[in-house]
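Worksheet: one structure, shown below.
In our numbering, the protein residues as written are 2 to 144.
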C-alpha cells in the first residue's frame, strides 16, 4: 500500500480531502457515461464497416448494443457493453453476440471486419473524457 502526503494551503488540502469522499453514485454515473459513449462509438464504427443486416426486418446488430448496469468494487468498477438478444430467421436463432464475434474476427469464407477493439483503442481518450466530465460536474457542484 502506498501513501501520499501533501503539505500546502488549507484550501487546497480541503479540496484534496473532498476527493477522498466521492459518493458511489458519482462513480456509477462515470461508468454509465463510459459505457454509453463506448456503445455509441461501436454503433458508428459498425455502420462505417457496413455491418448491417439488410435481411433483418426488425433489429440489426447496431440496435442491440446495450450498456449493462455498472458494478462497483472496492478496487474500482466495471460496466459491460454487449450484444443482447437473438436474430431469428425462420426457426433458427443466432445470438447477436455470435454475429458480432464473427464480424470482429471473421470465419472461413468471411473476412474479419473488426469494429469493437479498434474502437476501444482509437477512442480511449474520448471514453475516459466522458467519465472525467461526470467527475468534474460533481466536483464543481461542491463549491
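Think of the CB as a built atom: it goes at the ideal place given N, C-alpha and C, for glycine as much as any other residue.
Determine the DSSP secondary structure at residue i, reduced to helix, strand or coil.
i: residue 5; result: Because the pLDDT of residue 5 is 46, which lies under 50, any placement of that residue in the model is unreliable, and the number read from its coordinates should be weighed accordingly. Coil.
i: residue 96; result: strand
i: residue 126; result: helix
i: residue 119; result: helix
i: residue 112; result: coil
i: residue 144; result: coil
i: residue 107; result: coil
My guess is that residue i and residue j are in contact by the Cβ rule of under 8 Å, so how many angstroms apart are they, rounded?
i: residue 121; j: residue 31; result: The pair is not a contact, with the Cβ atoms about 17 Å apart (cut-off 8 Å).
i: residue 86; j: residue 63; result: With 8 Å as the limit, residue 86 and residue 63 do not qualify as a contact, their Cβ atoms being about 13 Å apart.
i: residue 35; j: residue 132; result: 5 Å
i: residue 90; j: residue 100; result: About 11 Å separates the two Cβ atoms, so there is no contact after all.
Report the option in the options whose CA atom is closest to the CA atom of residue i.
i: residue 71; options: 46, 106, 63, 81; result: 81
i: residue 84; options: 97, 92, 138, 73; result: 97
i: residue 25; options: 78, 40, 61; result: 78
i: residue 29; options: 103, 73, 93, 141; result: 73
i: residue 127; options: 23, 41, 142; result: 41
i: residue 44; options: 119, 27, 110, 130; result: 119
i: residue 39; options: 144, 123, 140, 143; result: 123
Ordered list of beta strand (DSSP E) runs contained in the stretch 41-91, each at least 3 residues: 66-68, 72-74, 77-79, 82-84, 87-90
Okay, do the stretch 42-55 and the stretch 104-119 touch, 3+ Cβ pairs below 8 Å being the bar? yes
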